[in-house]
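Written out below as structure tokens is the structure these notes cover.
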Amino acid sequence: MKTKIALTAEAATLRERVGQVSAQAGEKLALLKEAQDRLSEIFRAQSAEALAHNNQRFLELARKVFEGFQEEGKNDLTQRAEAVQGWVKPLVESLGPL
157 MKTKIALTAE AATLRERVGQ VSAQAGEKLA LLKEAQDRLS EIFRAQSAEA
207 LAHNNQRFLE LARKVFEGFQ EEGKNDLTQR AEAVQGWVKP LVESLGPL
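In our numbering, the protein residues as written are 157 to 254.
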């Protein structure tokens, strides 16, 4: 059977060991938190870059689509102007001698 002195010494050793393990766990936890923070920052930066790229691409596509619509509108307007000119010309010619 262990003596009171031996048990006290063993308890002190175990307390010291628990303190060491606790300190190591704290260090590991701090390292994990630091790694998580770095990964979060990297993810935010990558997300922002991807979003900016996608926005730029969207704007380029929208510009091309609207340019197409604008060209169609110009062509339609030209055709309508020519049609109106075709209707007005005979009227102007018939009213010319007046």
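Just so it is clear, CB atoms sit at the ideal spot from N, CA and C, and this is done for glycine as well. Computed from a prediction, not measured in an experiment: that's the story for all the values here.
Using the three-state DSSP reduction, which class does Lys245 fall into: helix, strand or coil? Helix at Lys245.
In whole angstroms, what separates the C-alpha of Glu197 from that of Lys220? 35 Å
Through-space distance from Trp243 to Glu249, alpha-carbon basis: 11 Å
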